[in-house]
Amino acid sequence: MKRTAILLSSGLLFTVATGSLAQGATPFTPGAPGISMPSLAPITTSGAVTPASVPATPDSAATFGNPRVSSQGSVTRVVFDLPAGVTYALTPTFGGLRLDVQGARVQPAISAKLGASVSEYRAGAGQATLITPYPLAPSDGWRASEATLATGKRVLILELGPGVSGGAGTSVRGQVLTTAPTSAAAQTVLNAPLPGSLPPGDQVSGSVNVPLPAPTLDGSNPAQPSALQGSVPGPARPAALGAPRIGKSPGQTRVVLDLPPGSSYRIATGAVGLTITLTGVSAAFQQAAGVSPELRGWTYAPTAQGATVTLSTAGRTTDRSGWRAQLLPPASGDLSRLAIDLSPALADRTPLTGSQRAVQAVAPQFAARGTGLLALSASLVKPRVVIDPGHGGKDPGAVGTVVEKQVTLDVALRVRDLLSAAGVDVVLTRDSDRELHPVKNTDLQMRAAMGTPGTALFVSIHVNAMNAASALRGYGVETWWNPNHARSSALAALIQNNLVSQTGAFDQGLKNSQSLSVLRNSRIPAALVEIGFTSHPVDGQNLQDSNYLDRVALGIAQGIREALVSGVTADGASAEAAPTAAKR
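Per mature numbering (1 follows the signal peptide of the UniProt record, and there is no 0): the sequence shown = residues -22 to -1, 1 to 562.
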(Lines of atoms letter the chains of each structure in order from A and count residues from 1; the text may use other names and numbers.)
(Lines give C-alpha, C1' and ligand atoms only; values in the text may rest on other atoms or scores of the structure.)
Protein backbone atom coordinates (compact mmCIF):
# COMPACT_ATOMS: atom_id res chain seq x y z
CA MET A 1 0.00 0.00 0.00
CA LYS A 2 1.32 3.45 -0.92
CA ARG A 3 0.34 6.99 -0.08
CA THR A 4 -0.56 9.44 -2.81
CA ALA A 5 -0.83 13.24 -2.62
CA ILE A 6 -3.77 14.63 -4.59
CA LEU A 7 -4.52 18.23 -5.46
CA LEU A 8 -8.17 18.90 -6.15
CA SER A 9 -9.42 21.74 -8.35
CA SER A 10 -10.47 23.57 -5.19
CA GLY A 11 -6.84 23.80 -4.14
CA LEU A 12 -7.20 21.27 -1.31
CA LEU A 13 -4.15 19.04 -0.97
CA PHE A 14 -4.51 15.84 0.99
CA THR A 15 -2.78 12.49 1.24
CA VAL A 16 -4.55 9.16 1.07
CA ALA A 17 -3.62 5.55 1.26
CA THR A 18 -4.21 3.71 -2.01
CA GLY A 19 -4.25 0.06 -2.63
CA SER A 20 -6.46 -2.88 -3.35
CA LEU A 21 -9.92 -2.75 -1.75
CA ALA A 22 -12.82 -5.08 -1.79
CA GLN A 23 -15.45 -4.33 -4.45
CA GLY A 24 -17.91 -1.68 -3.27
CA ALA A 25 -15.76 -0.77 -0.24
CA THR A 26 -14.82 2.75 -1.41
CA PRO A 27 -17.27 5.60 -0.94
CA PHE A 28 -15.72 7.41 -3.92
CA THR A 29 -16.48 6.89 -7.59
CA PRO A 30 -14.03 7.49 -10.45
CA GLY A 31 -13.56 11.14 -11.32
CA ALA A 32 -12.93 12.90 -14.62
CA PRO A 33 -10.14 11.61 -16.91
CA GLY A 34 -6.72 12.58 -15.64
CA ILE A 35 -7.85 13.10 -12.05
CA SER A 36 -7.07 10.39 -9.55
CA MET A 37 -9.74 9.94 -6.91
CA PRO A 38 -8.75 8.69 -3.45
CA SER A 39 -9.64 5.29 -2.09
CA LEU A 40 -10.86 4.78 1.45
CA ALA A 41 -10.47 1.90 3.82
CA PRO A 42 -13.38 -0.58 3.89
CA ILE A 43 -16.39 0.62 5.87
CA THR A 44 -16.62 -1.13 9.20
CA THR A 45 -19.95 -2.80 9.87
CA SER A 46 -20.19 -1.61 13.45
CA GLY A 47 -18.99 1.92 12.86
CA ALA A 48 -16.95 1.66 16.09
CA VAL A 49 -13.88 3.83 16.46
CA THR A 50 -11.19 2.90 18.95
CA PRO A 51 -9.83 5.54 21.29
CA ALA A 52 -6.39 5.02 19.76
CA SER A 53 -7.55 6.12 16.29
CA VAL A 54 -9.66 9.10 17.35
CA PRO A 55 -8.86 10.93 20.58
CA ALA A 56 -11.83 11.45 22.86
CA THR A 57 -10.99 15.07 23.60
CA PRO A 58 -11.84 17.69 20.98
CA ASP A 59 -9.15 19.73 19.25
CA SER A 60 -9.76 23.43 19.93
CA ALA A 61 -8.22 24.30 16.54
CA ALA A 62 -10.29 21.75 14.60
CA THR A 63 -11.98 22.86 11.41
CA PHE A 64 -14.84 21.39 9.40
CA GLY A 65 -15.26 21.85 5.66
CA ASN A 66 -13.23 21.47 2.46
CA PRO A 67 -15.36 18.56 1.22
CA ARG A 68 -14.00 16.04 -1.26
CA VAL A 69 -16.36 15.43 -4.15
CA SER A 70 -16.92 12.83 -6.83
CA SER A 71 -19.78 12.09 -9.19
CA GLN A 72 -21.18 9.21 -11.15
CA GLY A 73 -24.15 9.95 -13.35
CA SER A 74 -26.74 11.90 -11.35
CA VAL A 75 -25.25 10.89 -7.97
CA THR A 76 -22.89 13.31 -6.26
CA ARG A 77 -20.82 12.03 -3.34
CA VAL A 78 -19.43 14.50 -0.79
CA VAL A 79 -17.02 13.46 1.98
CA PHE A 80 -16.19 15.52 5.08
CA ASP A 81 -13.46 14.74 7.61
CA LEU A 82 -14.83 14.50 11.15
CA PRO A 83 -12.37 16.05 13.63
CA ALA A 84 -12.13 14.54 17.09
CA GLY A 85 -14.94 15.65 19.38
CA VAL A 86 -17.07 17.19 16.62
CA THR A 87 -20.83 16.69 16.70
CA TYR A 88 -23.26 17.46 13.92
CA ALA A 89 -26.92 17.40 12.92
CA LEU A 90 -28.32 16.63 9.47
CA THR A 91 -31.52 18.28 8.23
CA PRO A 92 -33.00 17.37 4.83
CA THR A 93 -34.94 20.37 3.55
CA PHE A 94 -36.86 21.53 0.51
CA GLY A 95 -33.68 23.14 -0.81
CA GLY A 96 -30.95 20.68 0.15
CA LEU A 97 -29.08 19.02 3.01
CA ARG A 98 -28.00 21.16 5.94
CA LEU A 99 -25.28 20.29 8.47
CA ASP A 100 -25.08 22.12 11.79
CA VAL A 101 -21.68 21.56 13.38
CA GLN A 102 -20.42 21.94 16.95
CA GLY A 103 -16.94 21.32 18.31
CA ALA A 104 -15.16 22.61 15.21
CA ARG A 105 -14.95 25.83 13.22
CA VAL A 106 -16.80 25.60 9.92
CA GLN A 107 -14.55 27.02 7.22
CA PRO A 108 -16.38 29.78 5.32
CA ALA A 109 -16.99 28.98 1.67
CA ILE A 110 -19.42 29.75 -1.14
CA SER A 111 -18.96 27.78 -4.33
CA ALA A 112 -21.08 26.90 -7.31
CA LYS A 113 -21.91 23.45 -8.66
CA LEU A 114 -20.08 20.58 -6.98
CA GLY A 115 -21.76 17.94 -9.10
CA ALA A 116 -24.93 16.97 -10.91
CA SER A 117 -26.94 16.89 -7.68
CA VAL A 118 -25.25 19.66 -5.67
CA SER A 119 -25.85 23.00 -7.36
CA GLU A 120 -24.20 25.10 -4.61
CA TYR A 121 -22.13 24.67 -1.45
CA ARG A 122 -22.30 27.28 1.31
CA ALA A 123 -20.54 27.12 4.66
CA GLY A 124 -19.83 29.33 7.63
CA ALA A 125 -21.23 30.34 11.04
CA GLY A 126 -21.43 26.75 12.23
CA GLN A 127 -23.34 25.51 9.22
CA ALA A 128 -22.64 23.83 5.88
CA THR A 129 -25.39 23.46 3.28
CA LEU A 130 -25.38 21.30 0.17
CA ILE A 131 -28.01 22.92 -2.05
CA THR A 132 -29.75 20.48 -4.36
CA PRO A 133 -31.78 21.09 -7.54
CA TYR A 134 -34.60 18.99 -6.11
CA PRO A 135 -36.27 18.82 -2.68
CA LEU A 136 -35.18 16.25 -0.09
CA ALA A 137 -37.47 14.06 1.97
CA PRO A 138 -36.44 12.47 5.29
CA SER A 139 -35.27 9.30 3.51
CA ASP A 140 -35.38 10.18 -0.21
CA GLY A 141 -32.86 12.03 -2.35
CA TRP A 142 -29.91 11.46 -0.02
CA ARG A 143 -27.99 8.89 1.98
CA ALA A 144 -25.45 9.35 4.81
CA SER A 145 -22.93 7.06 6.46
CA GLU A 146 -19.70 7.24 8.45
CA ALA A 147 -16.52 5.30 7.77
CA THR A 148 -12.93 5.03 8.98
CA LEU A 149 -10.04 5.77 6.61
CA ALA A 150 -6.90 3.68 6.51
CA THR A 151 -5.24 6.51 8.42
CA GLY A 152 -7.73 6.08 11.26
CA LYS A 153 -9.59 9.29 10.49
CA ARG A 154 -13.36 9.29 10.61
CA VAL A 155 -15.32 10.66 7.64
CA LEU A 156 -18.93 11.54 6.90
CA ILE A 157 -20.06 10.30 3.48
CA LEU A 158 -23.05 12.00 1.86
CA GLU A 159 -24.57 10.78 -1.39
CA LEU A 160 -27.15 12.92 -3.14
CA GLY A 161 -29.21 12.22 -6.21
CA PRO A 162 -32.87 12.06 -7.28
CA GLY A 163 -32.75 8.25 -7.26
CA VAL A 164 -30.88 7.91 -3.96
CA SER A 165 -32.78 6.75 -0.87
CA GLY A 166 -32.05 5.60 2.64
CA GLY A 167 -31.44 8.80 4.57
CA ALA A 168 -29.11 8.43 7.56
CA GLY A 169 -27.62 4.95 7.94
CA THR A 170 -26.97 3.15 11.20
CA SER A 171 -23.31 4.22 11.23
CA VAL A 172 -24.25 7.91 11.43
CA ARG A 173 -23.59 9.32 14.88
CA GLY A 174 -25.04 12.77 14.24
CA GLN A 175 -28.61 13.78 14.86
CA VAL A 176 -31.19 13.84 12.08
CA LEU A 177 -33.64 16.73 12.41
CA THR A 178 -36.91 17.46 10.66
CA THR A 179 -36.61 21.23 11.19
CA ALA A 180 -33.32 23.08 10.89
CA PRO A 181 -32.30 25.20 13.90
CA THR A 182 -32.39 28.94 13.28
CA SER A 183 -29.27 31.07 13.29
CA ALA A 184 -29.09 34.63 12.00
CA ALA A 185 -25.38 34.32 11.23
CA ALA A 186 -25.82 31.06 9.33
CA GLN A 187 -28.79 32.48 7.42
CA THR A 188 -26.59 35.35 6.26
CA VAL A 189 -24.18 32.82 4.78
CA LEU A 190 -27.00 30.90 3.14
CA ASN A 191 -28.51 34.04 1.59
CA ALA A 192 -25.24 35.50 0.35
CA PRO A 193 -25.01 35.80 -3.45
CA LEU A 194 -22.63 33.57 -5.36
CA PRO A 195 -19.46 35.36 -6.48
CA GLY A 196 -20.12 37.05 -9.81
CA SER A 197 -23.86 36.40 -9.78
CA LEU A 198 -26.32 39.10 -10.78
CA PRO A 199 -29.85 39.74 -9.59
CA PRO A 200 -32.55 39.04 -12.20
CA GLY A 201 -33.48 41.70 -14.73
CA ASP A 202 -30.08 42.96 -15.89
CA GLN A 203 -29.23 39.96 -17.99
CA VAL A 204 -30.84 37.96 -20.74
CA SER A 205 -31.70 34.55 -19.38
CA GLY A 206 -31.27 31.67 -21.77
CA SER A 207 -33.86 28.99 -22.19
CA VAL A 208 -34.41 26.89 -19.08
CA ASN A 209 -35.45 23.27 -19.12
CA VAL A 210 -38.65 23.00 -17.13
CA PRO A 211 -39.62 19.76 -15.33
CA LEU A 212 -42.71 18.03 -16.62
CA PRO A 213 -45.76 20.14 -15.75
CA ALA A 214 -47.61 19.10 -12.65
CA PRO A 215 -50.92 17.59 -13.77
CA THR A 216 -54.16 19.26 -12.84
CA LEU A 217 -56.75 17.33 -10.88
CA ASP A 218 -58.71 15.00 -13.11
CA GLY A 219 -62.01 16.70 -13.82
CA SER A 220 -61.15 19.74 -11.69
CA ASN A 221 -61.11 23.42 -12.50
CA PRO A 222 -58.32 25.58 -10.97
CA ALA A 223 -60.58 28.60 -11.42
CA GLN A 224 -63.00 27.11 -8.89
CA PRO A 225 -62.20 28.00 -5.28
CA SER A 226 -60.98 25.18 -3.10
CA ALA A 227 -63.85 24.09 -0.88
CA LEU A 228 -63.02 24.41 2.82
CA GLN A 229 -65.96 22.18 3.61
CA GLY A 230 -68.44 19.95 1.83
CA SER A 231 -70.40 16.72 1.94
CA VAL A 232 -70.72 13.65 -0.24
CA PRO A 233 -74.20 13.33 -1.78
CA GLY A 234 -76.36 10.29 -1.10
CA PRO A 235 -77.80 8.43 1.90
CA ALA A 236 -75.36 7.90 4.73
CA ARG A 237 -73.28 4.75 4.45
CA PRO A 238 -70.51 4.90 7.05
CA ALA A 239 -67.34 3.15 5.93
CA ALA A 240 -63.78 2.64 7.06
CA LEU A 241 -61.35 5.21 5.67
CA GLY A 242 -58.65 3.58 3.58
CA ALA A 243 -55.07 4.83 3.46
CA PRO A 244 -54.69 7.93 1.28
CA ARG A 245 -53.69 7.45 -2.32
CA ILE A 246 -50.59 9.50 -3.14
CA GLY A 247 -49.53 10.88 -6.51
CA LYS A 248 -46.20 12.65 -7.04
CA SER A 249 -45.11 14.98 -9.81
CA PRO A 250 -42.35 17.62 -10.01
CA GLY A 251 -43.06 20.32 -7.44
CA GLN A 252 -46.42 18.92 -6.38
CA THR A 253 -47.97 16.03 -4.43
CA ARG A 254 -51.57 14.85 -4.66
CA VAL A 255 -53.48 13.22 -1.80
CA VAL A 256 -56.79 11.46 -2.52
CA LEU A 257 -59.22 10.41 0.23
CA ASP A 258 -62.05 8.06 -0.77
CA LEU A 259 -65.23 9.14 1.06
CA PRO A 260 -68.54 7.23 1.29
CA PRO A 261 -71.99 8.73 0.61
CA GLY A 262 -73.32 10.89 3.43
CA SER A 263 -69.87 11.74 4.80
CA SER A 264 -68.64 15.32 5.17
CA TYR A 265 -65.32 17.15 5.49
CA ARG A 266 -64.01 20.42 6.86
CA ILE A 267 -60.49 21.69 6.03
CA ALA A 268 -58.47 24.02 8.26
CA THR A 269 -55.20 25.62 7.09
CA GLY A 270 -52.21 26.63 9.15
CA ALA A 271 -48.47 27.03 9.49
CA VAL A 272 -47.80 23.28 9.55
CA GLY A 273 -50.24 22.07 6.91
CA LEU A 274 -53.88 21.00 6.63
CA THR A 275 -56.24 19.47 9.19
CA ILE A 276 -59.25 17.66 7.70
CA THR A 277 -62.13 16.79 9.99
CA LEU A 278 -64.28 13.95 8.62
CA THR A 279 -67.68 12.65 9.68
CA GLY A 280 -69.48 9.56 8.45
CA VAL A 281 -66.29 7.47 8.37
CA SER A 282 -64.34 5.33 10.79
CA ALA A 283 -60.57 5.11 10.96
CA ALA A 284 -57.87 3.43 12.99
CA PHE A 285 -54.83 5.41 14.07
CA GLN A 286 -52.14 5.24 11.39
CA GLN A 287 -49.48 7.50 10.00
CA ALA A 288 -46.64 7.81 7.52
CA ALA A 289 -43.61 10.12 7.36
CA GLY A 290 -41.29 11.33 4.63
CA VAL A 291 -43.87 10.89 1.89
CA SER A 292 -42.55 13.58 -0.47
CA PRO A 293 -40.89 17.00 -0.44
CA GLU A 294 -44.32 18.65 -0.32
CA LEU A 295 -45.88 16.17 2.14
CA ARG A 296 -43.73 15.52 5.17
CA GLY A 297 -46.25 13.08 6.58
CA TRP A 298 -49.88 12.25 7.23
CA THR A 299 -51.78 11.01 10.29
CA TYR A 300 -55.20 9.43 10.85
CA ALA A 301 -56.73 9.88 14.31
CA PRO A 302 -60.21 8.45 15.18
CA THR A 303 -62.81 10.76 16.75
CA ALA A 304 -66.29 10.22 18.16
CA GLN A 305 -67.88 11.52 14.94
CA GLY A 306 -65.37 10.11 12.45
CA ALA A 307 -61.71 10.90 11.99
CA THR A 308 -59.15 13.70 11.75
CA VAL A 309 -56.60 13.63 8.93
CA THR A 310 -53.50 15.79 9.35
CA LEU A 311 -51.32 16.56 6.33
CA SER A 312 -47.95 18.00 7.37
CA THR A 313 -46.64 20.14 4.53
CA ALA A 314 -43.23 21.62 3.73
CA GLY A 315 -44.59 25.16 3.90
CA ARG A 316 -47.38 27.22 5.34
CA THR A 317 -50.88 26.86 3.92
CA THR A 318 -53.55 29.57 3.83
CA ASP A 319 -57.15 29.50 2.67
CA ARG A 320 -55.93 30.60 -0.79
CA SER A 321 -52.44 29.23 -1.25
CA GLY A 322 -50.19 26.20 -0.83
CA TRP A 323 -52.94 23.71 -1.70
CA ARG A 324 -55.98 23.10 -3.85
CA ALA A 325 -58.84 20.66 -3.20
CA GLN A 326 -62.04 19.57 -4.86
CA LEU A 327 -64.60 16.85 -4.26
CA LEU A 328 -64.80 14.73 -7.39
CA PRO A 329 -67.48 12.14 -8.26
CA PRO A 330 -66.68 8.43 -8.01
CA ALA A 331 -64.45 7.02 -10.71
CA SER A 332 -66.09 3.65 -10.00
CA GLY A 333 -68.34 2.34 -7.23
CA ASP A 334 -69.91 4.88 -4.85
CA LEU A 335 -66.85 6.42 -3.16
CA SER A 336 -66.31 10.08 -4.00
CA ARG A 337 -62.78 11.46 -4.12
CA LEU A 338 -61.55 14.36 -2.03
CA ALA A 339 -58.50 15.28 -4.13
CA ILE A 340 -55.94 17.63 -2.56
CA ASP A 341 -52.94 19.03 -4.38
CA LEU A 342 -50.04 20.29 -2.22
CA SER A 343 -47.35 22.70 -3.43
CA PRO A 344 -45.94 25.91 -1.91
CA ALA A 345 -46.18 27.38 -5.44
CA LEU A 346 -49.97 27.00 -5.69
CA ALA A 347 -51.52 30.48 -5.79
CA ASP A 348 -55.00 31.97 -6.24
CA ARG A 349 -56.15 31.45 -9.82
CA THR A 350 -59.83 32.19 -9.27
CA PRO A 351 -61.39 34.99 -11.34
CA LEU A 352 -61.81 38.49 -9.94
CA THR A 353 -65.37 39.64 -9.39
CA GLY A 354 -66.71 42.65 -11.26
CA SER A 355 -66.26 44.96 -8.28
CA GLN A 356 -62.66 43.80 -7.81
CA ARG A 357 -61.66 44.69 -11.38
CA ALA A 358 -61.11 48.34 -10.54
CA VAL A 359 -58.70 50.54 -8.62
CA GLN A 360 -60.02 53.36 -6.50
CA ALA A 361 -59.59 56.75 -8.14
CA VAL A 362 -56.43 58.77 -7.53
CA ALA A 363 -56.92 62.51 -7.10
CA PRO A 364 -55.02 64.82 -9.45
CA GLN A 365 -51.94 66.57 -8.14
CA PHE A 366 -51.45 70.30 -7.62
CA ALA A 367 -48.83 71.74 -9.97
CA ALA A 368 -47.67 75.38 -10.24
CA ARG A 369 -46.83 76.88 -13.62
CA GLY A 370 -43.61 78.82 -13.80
CA THR A 371 -41.19 79.70 -11.03
CA GLY A 372 -40.64 82.66 -8.76
CA LEU A 373 -42.71 85.69 -9.79
CA LEU A 374 -44.08 83.75 -12.77
CA ALA A 375 -45.77 81.18 -10.56
CA LEU A 376 -49.08 82.97 -10.83
CA SER A 377 -51.31 80.14 -11.98
CA ALA A 378 -51.79 76.55 -10.97
CA SER A 379 -53.45 73.47 -12.35
CA LEU A 380 -54.38 69.98 -11.34
CA VAL A 381 -52.59 67.27 -13.30
CA LYS A 382 -52.77 63.51 -13.25
CA PRO A 383 -49.87 61.83 -11.41
CA ARG A 384 -47.52 60.24 -13.92
CA VAL A 385 -46.13 56.71 -13.51
CA VAL A 386 -43.72 54.79 -15.77
CA ILE A 387 -44.43 51.07 -16.21
CA ASP A 388 -41.59 49.05 -17.74
CA PRO A 389 -42.44 45.64 -19.27
CA GLY A 390 -39.08 43.84 -19.01
CA HIS A 391 -37.17 42.70 -22.10
CA GLY A 392 -38.75 42.72 -25.60
CA GLY A 393 -37.79 42.37 -29.26
CA LYS A 394 -34.71 40.22 -29.72
CA ASP A 395 -34.37 39.96 -25.93
CA PRO A 396 -36.90 37.30 -24.82
CA GLY A 397 -35.85 37.25 -21.17
CA ALA A 398 -36.46 33.96 -19.41
CA VAL A 399 -37.95 31.17 -21.51
CA GLY A 400 -39.71 28.29 -19.81
CA THR A 401 -43.40 27.54 -19.49
CA VAL A 402 -43.89 31.12 -20.74
CA VAL A 403 -41.70 33.66 -22.53
CA GLU A 404 -40.88 36.52 -20.18
CA LYS A 405 -41.16 39.37 -22.68
CA GLN A 406 -44.71 38.31 -23.61
CA VAL A 407 -46.02 37.98 -20.07
CA THR A 408 -44.46 41.22 -18.83
CA LEU A 409 -46.09 43.17 -21.67
CA ASP A 410 -49.43 41.44 -21.04
CA VAL A 411 -49.36 42.38 -17.34
CA ALA A 412 -48.11 45.92 -18.02
CA LEU A 413 -51.05 46.58 -20.35
CA ARG A 414 -53.46 45.34 -17.67
CA VAL A 415 -51.80 47.57 -15.06
CA ARG A 416 -52.03 50.54 -17.46
CA ASP A 417 -55.74 49.98 -18.01
CA LEU A 418 -56.45 49.75 -14.27
CA LEU A 419 -54.46 52.88 -13.39
CA SER A 420 -55.68 54.93 -16.36
CA ALA A 421 -59.28 54.29 -15.30
CA ALA A 422 -58.29 55.49 -11.82
CA GLY A 423 -56.95 58.82 -13.08
CA VAL A 424 -53.23 58.07 -13.43
CA ASP A 425 -51.14 59.13 -16.43
CA VAL A 426 -49.34 55.87 -17.34
CA VAL A 427 -46.29 55.86 -19.60
CA LEU A 428 -45.12 52.47 -20.93
CA THR A 429 -41.46 52.01 -21.86
CA ARG A 430 -42.76 49.74 -24.62
CA ASP A 431 -46.26 48.84 -25.77
CA SER A 432 -45.27 46.19 -28.32
CA ASP A 433 -42.70 43.43 -28.79
CA ARG A 434 -39.61 45.59 -29.25
CA GLU A 435 -36.48 46.67 -27.49
CA LEU A 436 -35.55 50.32 -27.00
CA HIS A 437 -31.98 49.80 -28.25
CA PRO A 438 -30.09 46.79 -29.66
CA VAL A 439 -27.34 47.21 -27.04
CA LYS A 440 -28.62 45.78 -23.75
CA ASN A 441 -26.97 48.27 -21.39
CA THR A 442 -28.16 51.20 -23.48
CA ASP A 443 -31.65 49.73 -23.58
CA LEU A 444 -31.78 49.54 -19.78
CA GLN A 445 -30.48 53.09 -19.37
CA MET A 446 -33.10 54.40 -21.79
CA ARG A 447 -35.86 52.73 -19.78
CA ALA A 448 -34.65 54.25 -16.53
CA ALA A 449 -34.32 57.68 -18.17
CA MET A 450 -38.05 57.75 -18.98
CA GLY A 451 -38.64 58.81 -15.38
CA THR A 452 -38.43 62.47 -16.42
CA PRO A 453 -39.09 65.40 -14.03
CA GLY A 454 -42.70 65.39 -12.97
CA THR A 455 -42.90 61.59 -13.00
CA ALA A 456 -43.87 60.15 -9.63
CA LEU A 457 -42.80 56.48 -9.82
CA PHE A 458 -41.03 53.87 -11.95
CA VAL A 459 -42.04 50.17 -11.81
CA SER A 460 -40.39 47.43 -13.89
CA ILE A 461 -42.17 44.08 -14.37
CA HIS A 462 -40.25 40.83 -14.84
CA VAL A 463 -40.63 37.05 -14.72
CA ASN A 464 -38.12 35.07 -12.70
CA ALA A 465 -36.28 31.86 -13.62
CA MET A 466 -33.70 29.46 -12.26
CA ASN A 467 -31.50 27.10 -14.20
CA ALA A 468 -32.73 23.58 -14.80
CA ALA A 469 -30.65 22.16 -11.96
CA SER A 470 -32.42 24.41 -9.42
CA ALA A 471 -35.85 24.82 -11.00
CA LEU A 472 -37.85 23.27 -8.16
CA ARG A 473 -36.35 25.70 -5.63
CA GLY A 474 -37.74 28.83 -7.29
CA TYR A 475 -41.39 29.91 -6.94
CA GLY A 476 -43.40 32.90 -5.75
CA VAL A 477 -43.09 36.69 -6.04
CA GLU A 478 -40.43 39.15 -4.92
CA THR A 479 -39.75 42.85 -5.36
CA TRP A 480 -36.34 44.48 -5.76
CA TRP A 481 -35.26 48.03 -4.88
CA ASN A 482 -32.12 50.13 -4.99
CA PRO A 483 -31.02 53.06 -2.78
CA ASN A 484 -31.29 55.35 -5.82
CA HIS A 485 -34.05 57.25 -3.98
CA ALA A 486 -35.07 57.53 -0.33
CA ARG A 487 -38.59 56.24 -1.10
CA SER A 488 -37.70 53.26 -3.34
CA SER A 489 -37.77 50.73 -0.51
CA ALA A 490 -41.21 51.94 0.61
CA LEU A 491 -42.53 51.66 -2.95
CA ALA A 492 -41.20 48.10 -3.23
CA ALA A 493 -42.83 47.12 0.06
CA LEU A 494 -46.24 48.48 -1.00
CA ILE A 495 -46.12 46.61 -4.30
CA GLN A 496 -44.96 43.35 -2.70
CA ASN A 497 -47.62 43.48 0.02
CA ASN A 498 -50.45 44.17 -2.40
CA LEU A 499 -49.22 41.59 -4.89
CA VAL A 500 -49.09 38.83 -2.27
CA SER A 501 -52.48 39.89 -0.92
CA GLN A 502 -54.15 39.65 -4.32
CA THR A 503 -52.49 36.47 -5.63
CA GLY A 504 -51.84 34.41 -2.51
CA ALA A 505 -48.47 33.59 -4.13
CA PHE A 506 -45.50 32.51 -2.02
CA ASP A 507 -43.90 35.60 -0.53
CA GLN A 508 -40.19 35.73 -1.40
CA GLY A 509 -40.00 39.17 0.21
CA LEU A 510 -38.03 42.30 -0.63
CA LYS A 511 -34.57 42.21 -2.18
CA ASN A 512 -32.01 45.02 -2.25
CA SER A 513 -29.90 45.21 -5.42
CA GLN A 514 -26.91 47.42 -6.07
CA SER A 515 -26.60 46.35 -9.71
CA LEU A 516 -30.01 46.40 -11.42
CA SER A 517 -29.54 49.07 -14.06
CA VAL A 518 -33.18 50.16 -14.42
CA LEU A 519 -33.30 50.84 -10.68
CA ARG A 520 -29.80 52.20 -10.16
CA ASN A 521 -30.11 54.70 -13.03
CA SER A 522 -33.59 55.92 -12.13
CA ARG A 523 -33.89 59.38 -10.52
CA ILE A 524 -37.28 58.69 -8.95
CA PRO A 525 -38.63 56.01 -6.57
CA ALA A 526 -38.26 52.74 -8.48
CA ALA A 527 -39.00 49.04 -7.95
CA LEU A 528 -38.63 45.86 -9.99
CA VAL A 529 -41.22 43.15 -9.35
CA GLU A 530 -40.75 39.47 -10.23
CA ILE A 531 -44.27 38.05 -10.67
CA GLY A 532 -43.40 34.33 -10.69
CA PHE A 533 -40.95 31.70 -11.92
CA THR A 534 -41.34 30.42 -15.47
CA SER A 535 -38.89 27.62 -14.62
CA HIS A 536 -41.16 26.02 -11.98
CA PRO A 537 -43.81 23.51 -13.17
CA VAL A 538 -46.51 24.81 -10.82
CA ASP A 539 -45.60 28.50 -10.83
CA GLY A 540 -45.36 28.24 -14.61
CA GLN A 541 -49.01 27.19 -14.67
CA ASN A 542 -49.83 30.30 -12.64
CA LEU A 543 -48.13 32.48 -15.26
CA GLN A 544 -50.12 30.82 -18.04
CA ASP A 545 -53.42 31.55 -16.30
CA SER A 546 -55.26 34.76 -17.22
CA ASN A 547 -57.03 34.90 -13.85
CA TYR A 548 -53.66 34.85 -12.06
CA LEU A 549 -52.31 37.60 -14.35
CA ASP A 550 -55.41 39.68 -13.57
CA ARG A 551 -54.61 39.34 -9.89
CA VAL A 552 -50.95 40.20 -10.48
CA ALA A 553 -51.92 43.36 -12.39
CA LEU A 554 -54.41 44.37 -9.70
CA GLY A 555 -51.81 43.87 -6.94
CA ILE A 556 -49.23 46.00 -8.76
CA ALA A 557 -51.78 48.69 -9.57
CA GLN A 558 -53.03 48.83 -5.98
CA GLY A 559 -49.47 49.06 -4.69
CA ILE A 560 -48.79 51.98 -7.04
CA ARG A 561 -52.03 53.71 -6.03
CA GLU A 562 -51.18 53.33 -2.35
CA ALA A 563 -47.77 54.87 -3.00
CA LEU A 564 -49.32 57.83 -4.85
CA VAL A 565 -51.93 58.63 -2.21
CA SER A 566 -49.53 58.23 0.71
CA GLY A 567 -46.76 60.43 -0.66
CA VAL A 568 -44.28 57.67 -1.60
CA THR A 569 -43.42 59.62 -4.75
CA ALA A 570 -40.57 61.60 -6.26
CA ASP A 571 -41.67 64.85 -4.57
CA GLY A 572 -43.28 63.26 -1.54
CA ALA A 573 -46.64 64.85 -2.29
CA SER A 574 -49.81 62.93 -1.49
CA ALA A 575 -52.31 62.80 -4.34
CA GLU A 576 -55.19 62.73 -1.85
CA ALA A 577 -54.11 66.08 -0.40
CA ALA A 578 -53.62 67.75 -3.77
CA PRO A 579 -57.15 69.21 -4.27
CA THR A 580 -56.99 70.89 -0.86
CA ALA A 581 -53.64 72.44 -1.71
CA ALA A 582 -54.99 73.73 -5.01
CA LYS A 583 -57.73 75.71 -3.28
CA ARG A 584 -55.34 77.75 -1.16
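Beta carbons: idealized from backbone N, C-alpha and C, even for Gly.
Contact check between the stretch 141 to 156 and the stretch 465 to 483: fewer than three CB pairs, one atom from each, fall below 8 Å, which does not count as touching. For proline 70, the enclosing beta strand (DSSP E) stretches over residues 65 to 71.
Contact between arginine 425 and valine 496 holds, with the beta-carbon distance rounding to 5 Å and staying under 8 Å. Alanine 292 places its beta carbon 9 Å or farther from that of leucine 306.
One Cα belongs to glycine 284, the other to serine 513, and the distance between them is close to 42 Å.
Ranked by how close their Cα comes to the Cα of glycine 220, the residues Gln230, Pro238, Arg274 have Pro238 in first place. Within the same chain, Cβ atoms closer than 6 Å to the Cβ of serine 204 are found at Arg302, Ala303, the five residues on either side in sequence being excluded. Around the beta carbon of proline 361, 16 or more other beta carbons lie within 10 angstroms, which makes this residue buried. Contact annotation, valine 337 with alanine 400: C-beta distance approximately 4 Å; criterion of less than 8 Å satisfied.
DSSP lists Leu488, Val507 as the beta-bridge partner residues of threonine 457.
With 16 or more neighbouring CB atoms inside 10 Å of its own CB, histidine 369 falls in the buried class.
According to the DSSP assignment, threonine 231 belongs to the beta strand (DSSP E) that extends over 230 to 237. Between the stretch 85 to 97 and the stretch 51 to 70 there are three or more C-beta pairs closer than 8 Å, enough to call the two in contact. Around the beta-carbon of arginine 394, 16 or more other beta-carbon atoms lie within 10 Å, marking it buried. The straight-line gap separating the alpha-carbon atoms of glutamate 508 and leucine 422 is approximately 17 Å. In this structure glutamine 105 is buried. Its beta-carbon is surrounded by 16 or more other beta-carbon atoms within 10 angstroms. In this structure, the CA atom of alanine 103 is about 8 Å from the CA atom of proline 86. The beta-carbon separation of serine 270 and lysine 226, rounded to 5 Å, stays under the 8 Å limit for a contact. For glutamine 304, the enclosing beta strand (DSSP E) begins and ends at 301 to 306. Under DSSP, lysine 131 forms no beta bridge with any residue. Aspartate 312 sits in coil when the DSSP states are folded into three classes, being neither helix nor strand. According to the DSSP assignment, threonine 386 belongs to the alpha helix (DSSP H) that extends over 382 to 399. At the C-beta level, valine 417 and valine 363 stay beyond 9 Å of one another. Counting every other CB atom within 10 Å of its CB across the protein chains shown gives phenylalanine 436 a total of 16 or more, marking it as buried. If you draw a straight line from the Cα of threonine 126 to the Cα of proline 322, it is about 41 Å long.
The beta carbon of arginine 232 sits closer than 6 Å to the beta carbons of Gly225, Asp319 from its chain, once the five residues preceding and following it are set aside; these are given in chain order. Shortest Cα-Cα distance from glutamate 137 to any of Ile109, Gly332, Phe511 involves Ile109. Taken in chain order, the whole beta strand (DSSP E) runs of length 3 or more contained in the stretch 271 to 295 are 273 to 280, 284 to 291.
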